[in-house]
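>
Residue numbers (my numbering), protein chains in the order written: chain A, 1 to 151; chain B, 152 to 302; chain C, 303 to 386; chain D, 387 to 470.
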């Protein structure tokens, strides 16, 4: 359980190892890395701004609500801010559960909510010196909504 | 890309690290560990029998078909056989993709097909000396089928 | 006192990170605060603050424009989030 | 020659891991091979081989009962898989 929002890199392999060491039947992990190609072409640097305090609060609420909905045994969210290079990990989400469907769903639920609800904003810097704020994707909002549809 | 079917334990954290080092935008990993509680109560040992040759062939087909369907950038399946203790990892599936929805779907597609199509059979051994072959779960078959429904 | 924060392209465009405002009982909702800020700062602020995508948070929770404000609240304006 | 393999509880119940059978042109499908094995081994084998859950593979691919057999084929019988 828990949220870490940090400027420093983290060791995703070590984090995975910690989850797997729980011995819980199902472990699901997702990590997102900086793309080397953005809206204006090659990206030399991605800058992540966030809203300190609100970020931790929102991520904790997302984790708790995934945990309650899917009966997770544990969960962890790590998110970086500050300048990031292509290929570096931005976000790491890991959950454990009694069953694989709960682990997959819990992990994806966290990612889908984090994308649209956690106060982070990305700015791409390009080799030619141009910079561009990344626009929110409609598809991300759609993916979040599908967790809240009656069906 | 690739399949490993082995009696030896594997290091899931190292495997995760290898995938993440690709720098691909999305990495999804699932691992399954031996439950300490089975159909007859406490499990002291799980024995996994498999069909050498067919196992590798089926796992490769599942990985290739997930890869084609979800445009995966890479995938890896590791599955153990032989005697396993509670908490030990049985299966590890990792994929990378350009987008998180493809990574989640590809990883779960592989797990859902592996469960019902890869020739493994589990026998639980209990502290009182009793042993029991694990019956296939109908829910696993249903989860596999949903990838092949018209909708 | 009200503390008003701006993030991302709003922070850049308005060249403002934090505003500390005297509490005024006239200013009783997020919408009214927006109108107050526009009155004080002109049409460039109006263009940005009235953009339909702008999200409002009060005390670090996303709220609707009708949300009432109280002395001591922290209000934030920002564009849609792009984490992950 | 036909090589016939049994796995998991079928292997245990029938106490047989592999059978090497002479190729006989009479035996031309998986279903016919099953009947042949039952004729040779009796009702205990019938009970197990005719169980509706039994899965058949030819040359390491799962097939239907009508699958034709050829000299040199490897046939396997086993219960539903429980990997992962």
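Using N, Cα and C, we set each Cβ at its ideal position, and we do this for glycine too.
(1) Suppose the cutoff is 6 Å on Cβ atoms and the five residues either side in sequence are ignored; what does the same chain contact list for residue 4 of chain A look like?
(2) Quick one: what's got a C-beta closer than 6 Å to residue 373 of chain C's C-beta in the same chain, skipping five residues either side?
(3) Write down every uninterrupted run of the beta strand (DSSP E) in the region 35-71 of chain A whose length is 3 residues or greater and which is fully enclosed by it, in chain order.
(4) If you follow the beta strand (DSSP E) that residue 257 of chain B is in, where does it begin and where does it stop?
(5) Starting from the C-beta of residue 43 of chain A, find all residues in its chain whose C-beta is less than 8 Å away, skip the five residues before and the five after it, and write them out in chain order.
(6) With C-beta atoms as the reference, is residue 242 of chain B less than 8 Å away from residue 182 of chain B?
(7) Would you give the residue range spanned by the beta strand (DSSP E) that residue 354 of chain D belongs to?
(8) Leaving out five residues on either side along the sequence, give the residues of the same chain with a beta carbon under 6 Å from the beta carbon of residue 318 of chain C.
(9) Which whole-angstrom value describes the C-beta separation of residue 444 of chain D and residue 455 of chain D, a residue pair presumed to lie in contact below a C-beta threshold of 8 Å?
(10) As a quick exercise: from B:199, B:253, B:263, pick the residue whose alpha carbon is nearest that of residue 303 of chain B.
(11) Return the bridge partner residues of residue 282 of chain B from the DSSP annotation.
(12) Where residue 113 of chain A and residue 270 of chain B are concerned, what is the direct C-alpha to C-alpha distance, given to the nearest angstrom?
(13) Could you pull the start and end residues of the alpha helix (DSSP H) that residue 431 of chain D belongs to?
(14) If you draw a straight line from the C-alpha of residue 449 of chain D to the C-alpha of residue 464 of chain D, how long is it?
(15) Should residue 119 of chain A be flagged as near chain C, meaning a C-beta pair shorter than 8 Å?
(16) Of all the residues that make up the region 181-209 of chain B, which are near chain D by a beta-carbon distance shorter than 7 Å?
(17) Just curious, the alpha helix (DSSP H) that residue 394 of chain D is in, first and last residue?
(18) So which residues of chain B does residue 148 of chain A contact, with C-beta pairs closer than 8 Å?
(19) Using 8 Å as the threshold, is the C-beta distance between residue 166 of chain B and residue 257 of chain B below it?
On the basis of the supplied data:
(1) Take residue 4 of chain A, set aside five residues on each side of it, and the residues of its chain with a beta-carbon closer than 6 Å to its own are 78, in chain order.
(2) Once the five neighbours on either side are set aside, the close Cβ partners of residue 373 of chain C are 325.
(3) Correct list: 45-50.
(4) DSSP places residue 257 of chain B outside any beta strand (DSSP E); the residue lies instead in the alpha helix (DSSP H), whose first and last residues are 251-268.
(5) Shown here for residue 43 of chain A: same chain residues with a beta carbon closer than 8 Å to its own, the five before and five after excluded, namely 34, 35, 36, 37, 86, 124, 125, 126 in chain order.
(6) Cβ atoms of residue 242 of chain B and residue 182 of chain B: closer than 8 Å.
(7) Lying before the first or after the last residue shown, residue 354 of chain D is absent from chain D, which here runs from 387 to 470.
(8) Cβ within range, chain order: 308.
(9) Residue 444 of chain D to residue 455 of chain D, Cβ: 7 Å. Contact.
(10) Summary: the structure shown does not reach residue 303 of chain B, with chain B confined to residues 152 through 302, and so no result is reported for it.
(11) DSSP lists B:276 as the bridge partner or partners of residue 282 of chain B.
(12) If you take the alpha carbons of residue 113 of chain A and residue 270 of chain B, they lie about 37 Å apart.
(13) Where residue 431 of chain D is concerned, the enclosing alpha helix (DSSP H) starts and stops at 429-435.
(14) Cα to Cα, the separation comes out at about 12 Å.
(15) Residue-level contact check: residue 119 of chain A touches chain C, since one or more beta carbons of chain C fall below 8 Å from its beta carbon.
(16) Answer set for the region 181-209 of chain B: 183, 200, 202, 204, 205, 208.
(17) Per DSSP, residue 394 of chain D belongs to the alpha helix (DSSP H) from 394-400.
(18) Within 8 Å Cβ-Cβ: nothing; residue 148 of chain A doesn't reach chain B, min ~17 Å.
(19) No, these two residues do not count as a Cβ contact at 8 Å.
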